[in-house]
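In this text, residue positions in the sequence shown follow our numbering: the first is 1, and each later residue adds one. For every residue, glycine included, the Cβ atom is placed at its ideal position computed from N, Cα and C. These numbers were taken from a predicted model, which means no experiment stands behind them.
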Amino acid sequence: MKKNVRCSIFILIFSLSLINISCNKENKANNTVEEPIVIPKGDVQIAVYYFPNWGPVYSSEWSVLKSAKPRFDGHQQPKVPMWGYENENDPIVMAKKIDTASKYGVDAFIFDWYYYDEEASLYEDPALGQWDGSKYLYQALENGFLKADNNSKLKFALMWCNHDVGTRAKGAVKLETFEKLMDYVIEKYFNHPSYWKINGCPYFSIYQMNTLLETCENDFTLLVEVINKFREKVKAAGFPDLHLNGVLWGLRGELINENLEQLNINSATSYVWIHHNALPDFPTTEYEKAAETYFKTLKFGGGANGLEKPISNMSTPYHINVTMGWDSSPRTRNAPDWMTRKDYPFGPVIINNTPYFFKKYLAKAKGLTMEKPEDERIITINSWNEWGEGSYLEPDNTTGYGYLEAIKEVFGD
């Protein structure tokens, strides 16, 4: 009898210990307790950046990712995608991404979209198939997403990445190239039933507005005229207007401090946290530290590249960004001087960006966003698949679907 009692007591104690573990899970990586996360109620649109350079291994960044090596003890490289090294240009492959994104609470992909002066394509190896006239890295969108038979499940939009591509393509395109761009995006994308619209207006984001100013010969008046012309073309196509978004990274100096309202930009956002706050610790910075710095900057300012002042000072709505992580070491191609260089793609790596902490800051972003008017309740996320920069939602062999589960838990029905 006493033996049975002792056995029962042991079982009870063991059961209570399991309950305690489940209620307060310990993050062994940084020895912190995972407290319950309070999820604010309400609906928010989730737009996730999509980087389109994951086609055939030989001609895409998959080859770089596969060859990545750890640069310090405990460094998690190479990152290994659970789905394998799939060709995103295949509509069947893209259909899986669409199904998954939709299932886990993503509302839209914002494709990183590239359009240059046409002569830039003359310097590229045709066998790589990355160029078509002015378009660069266009296949994931045009051959993958637009040909996927389920693309009605997910909205898509464009962020024009008008930055230089090495020495062969300049982000400051000719004015006539930008006019071609206007006509192309209206006809090819804006009219698609799955194109993301805000109050009926097609969402179009510009990564570097300051570079578009260079296109306009640094004439601010001409820049305003060019943007207004874009709007008139959009209206002539039957839309109420253009929803023009500016990424703060490219709204620096006078563009953000004095002329944002004159440009009539409808909203601003960020692509990634490190654009505003450099990672302070090398070789690694804690995710929670990077996140807290960003959210403090939103409230008080003190950051860089458009977040010098609090977002409450902006004359246009700002969509909060949540960044999943940062590790651009694969793009250094295992350079031996990784520890001594800080220029991109060298520099610190974010660590302990677990699904738990990602969820924590998704919830924080949601709480702040729910204070805004309904049509401004948008959060951008970096990113669906920036594997080469260590910021991705796609499942990997370490955390599985953990980051997607976090989105679903915070924003799902």
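**Q.** Whole-Å CB distance - Pro348 paired with Phe282, under 8 Å assumed
**A.** Translated into positions along the sequence shown, residue 348 becomes position 348. Translated into positions along the sequence shown, residue 282 becomes position 282. Confirmed, about 5 Å.
**Q.** Reference Ala47; option with closest CA among Val173, Asn143, Met159 and Tyr116
**A.** Within the sequence shown, the letter at position 47 stands for residue 47. Of the candidates Val173, Asn143, Met159 and Tyr116, the residue whose Cα lies closest to the Cα of Ala47 is Met159.
**Q.** 7 Å Cβ shell around Asn89 - same chain, five flanking residues per side excluded
**A.** Here residue 89 refers to the residue found at position 89 of the sequence shown. Beyond the five residues adjoining it in sequence on each side, Asn89 comes within less than 7 Å, by CB distance, of Gly55, Gln139, Ala140, Asn143 and Gly144 in the same chain, given in chain order.
Q. What is the rounded straight-line gap between the Cα of Gly74 and the Cα of Leu362?
A. Numbered from 1 along the sequence shown, position 74 holds the residue referred to as residue 74. Numbered from 1 along the sequence shown, position 362 holds the residue referred to as residue 362. Going by the C-alpha atoms only, they are around 26 Å apart.
Q: Using alpha carbons as the reference points, say which of Trp384, Pro78, Lys360 and Met324 lies closest to Glu35.
A: In the sequence shown, the residue the question calls residue 35 occupies position 35. For Glu35, the closest of Trp384, Pro78, Lys360 and Met324 by C-alpha to C-alpha distance is Lys360.
Q: Taking only runs that begin and end inside the segment 178-258, name each unbroken beta strand (DSSP E) of 3 or more residues, in chain order.
A: Correct list: 201-206 and 243-247.
Q. Phe190 to Lys235, Cα distance in whole Å?
A. Taking the sequence shown and counting its residues from 1, one reaches residue 190 at position 190. Taking the sequence shown and counting its residues from 1, one reaches residue 235 at position 235. Distance between the alpha carbons of Phe190 and Lys235: 11 Å.
**Q.** Where the alpha helix (DSSP H) through Ala406 begins and ends
**A.** Taking the first residue of the sequence shown as position 1, residue 406 is located at position 406. That run of the alpha helix (DSSP H) goes Gly402 to Phe411.
Q) DSSP state of Asp375, grouped into three classes? A) By 1-based counting over the sequence shown, the position of residue 375 is 375. Correct three-state label for Asp375: helix.
Q) Since Phe430 is in the beta strand (DSSP E), which residue starts that stretch and which ends it? A) The structure shown does not extend to residue 430, since the chain is modelled only from 1 through 413, so no value can be given for it.
Q. Count the other CB atoms within 10 Å of the CB of Gly246; is the residue buried (16 or more) or exposed (fewer)?
A. To locate residue 246, count along the sequence shown from 1; it is residue 246. Gly246 comes out buried.
Q: Using the DSSP secondary-structure output, state which residues sit across from Ile46 in a beta bridge.
A: By one-based count along the sequence shown, residue 46 stands at place 46. Ile46 pairs with Ile379.
Q. Would you say Gly250 and Asn277 are within 7 Å of each other, going by their C-beta atoms?
A. Within the sequence shown, residue 250 is the residue found at index 250, counting from 1. Within the sequence shown, residue 277 is the residue found at index 277, counting from 1. Note that the C-beta distance between Gly250 and Asn277 is not below 7 Å.
Q. Going by the beta-carbon positions, is the gap between Ala172 and Glu214 smaller than 7 Å?
A. Residue numbering aside, residue 172 sits at position 172 when the sequence shown is read from its first letter. Residue numbering aside, residue 214 sits at position 214 when the sequence shown is read from its first letter. Yes, these two residues count as a Cβ contact at 7 Å.
Q.
Could you tell me which whole alpha helix (DSSP H) segments of length 4 or greater appear in the segment 269-353?
A. Fully enclosed alpha helix (DSSP H) runs of 4 or longer: 287-300.
Q | Glu34 in three-state terms, based on DSSP | A | Taking the sequence shown and counting its residues from 1, one reaches residue 34 at position 34. Note: Glu34 maps to strand in three-state DSSP.
(Q) By the DSSP assignment, the beta strand (DSSP E) with Ala157 in it spans what residues? (A) Looking up residue 157 in the sequence shown gives position 157. That run of the beta strand (DSSP E) goes Lys155 to Trp160.
Q. Going straight from the alpha carbon of Val64 to that of Thr332, what length do you get?
A. To locate residue 64, count along the sequence shown from 1; it is residue 64. To locate residue 332, count along the sequence shown from 1; it is residue 332. Those two C-alpha atoms are separated by around 9 Å.
Q | Strand pairing of Trp131, partner residues [DSSP] | A | Looking up residue 131 in the sequence shown gives position 131. Paired residue(s): Tyr136.
Q) CB-CB under 6 Å to Ile311, same chain, minus the five flanking residues each way: which ones, in chain order? A) Mapped onto the sequence shown, residue 311 falls at position 311. For Ile311, where only same-chain residues beyond five positions count, the Cβ hits under 6 Å are Leu298 and Tyr318.
Q.
Determine whether the beta carbon atoms of His163 and Gln208 lie at a separation below 7 Å.
A. Start at 1 with the first residue of the sequence shown, and residue 163 comes out as number 163. Start at 1 with the first residue of the sequence shown, and residue 208 comes out as number 208. His163 places its beta carbon less than 7 Å from that of Gln208.
(Q) Please identify the residue among Pro355, Pro280 and Pro52 whose C-alpha is closest to the C-alpha of Gln130. (A) Residue numbering aside, residue 130 sits at position 130 when the sequence shown is read from its first letter. The alpha carbon of Gln130 has as its nearest neighbour, out of Pro355, Pro280 and Pro52, the alpha carbon of Pro52.
Q | C-beta atoms of Leu128 and Ser59 nearer than 7 Å | A | Position 128 of the sequence shown holds residue 128. Position 59 of the sequence shown holds residue 59. Against a cut-off of 7 Å, the Cβ pair of Ser59 and Leu128 comes out as a contact.
Q.
According to DSSP, is Tyr392 part of a helix, a strand, or is it coil?
A. The residue labelled residue 392 in the question sits at position 392 within the sequence shown. DSSP places Tyr392 in strand when its eight states are reduced to three.
Q: Look at the alpha carbon of Tyr271 and the alpha carbon of Asn382, and state the distance between them as a whole number of angstroms.
A: The sequence position of residue 271 within the sequence shown is 271, counting from 1. The sequence position of residue 382 within the sequence shown is 382, counting from 1. Whole-angstrom Cα-Cα distance: 6 Å.
Q) With a cut-off of 7 Å, does the C-beta of Met209 fall near any C-beta of chain D? A) Absent from the structure: chain D. Only one protein chain is present.
Q: Note the first and the last residue of the continuous alpha helix (DSSP H) segment covering Lys147.
A: Residue 147 sits at position 147 when you count from the first residue of the sequence shown. No alpha helix (DSSP H) holds Lys147; DSSP gives it neither H nor E.
Q | First through last residue of the alpha helix (DSSP H) which encompasses Asp99 | A | One-based indexing of the sequence shown puts residue 99 at position 99. Segment Pro91 to Lys103, the alpha helix (DSSP H) holding Asp99.
**Q.** Ile92 to Gly302 span [Cα, whole Å]
**A.** As a working mapping, residue 92 is identified with position 92 in the sequence shown. As a working mapping, residue 302 is identified with position 302 in the sequence shown. For Ile92 and Gly302, the distance between alpha carbons rounds to 45 Å.
Q: Taking Met370 and Val80 to be in contact with their CB atoms under 8 Å, please state how far apart those CB atoms are, rounded to whole angstroms.
A: For the purposes of this step, residue 370 is taken as residue 370 along the sequence shown, with counting starting at 1. For the purposes of this step, residue 80 is taken as residue 80 along the sequence shown, with counting starting at 1. Contact doesn't hold; Cβ gap of about 36 Å is too wide.
Q) If we count the other Cβ atoms within 10 Å of its Cβ and call it buried at 16 or more, is Ser194 buried or exposed? A) Numbered from 1 along the sequence shown, position 194 holds the residue referred to as residue 194. Ser194 should be labelled buried.
Q. Excluding the five sequence neighbours on either side, which residues of its own chain have a C-beta within less than 6 Å of the C-beta of Asn27, listed in chain order?
A. The residue you call residue 27 lines up with position 27 of the sequence shown. Since pLDDT at Asn27 reaches only 47, below the 50 mark, its modelled position is unreliable, and no value is offered.
Q. Which one or two residues does DSSP pair with Ser267 in a beta bridge?
A. Position 267 of the sequence shown, counting from 1, holds the residue named residue 267. Beta-bridge partners of Ser267 (DSSP): Asn245.
Q: Starting from Tyr123, follow the alpha helix (DSSP H) in both directions and report where the run begins and ends.
A: Position 123 of the sequence shown holds residue 123. Segment: none, Tyr123 is in no alpha helix (DSSP H) and carries neither H nor E.
**Q.** Counted within 10 angstroms of its Cβ, other Cβ atoms place Tyr104 as buried (16 or more) or exposed
**A.** For the purposes of this step, residue 104 is taken as residue 104 along the sequence shown, with counting starting at 1. Residue environment analysis places Tyr104 among the buried positions, since at least 16 neighbouring C-beta atoms fall within 10 angstroms of its C-beta.
Q: Take Asn313 and list the residues in its own chain whose beta-carbon comes closer than 8 Å to its own, dropping the five residues that flank it on each side.
A: Here residue 313 refers to the residue found at position 313 when the sequence shown is read from its first residue. If we look at Asn313 and ignore the five residues flanking it on each side, its Cβ neighbours are Gly301.
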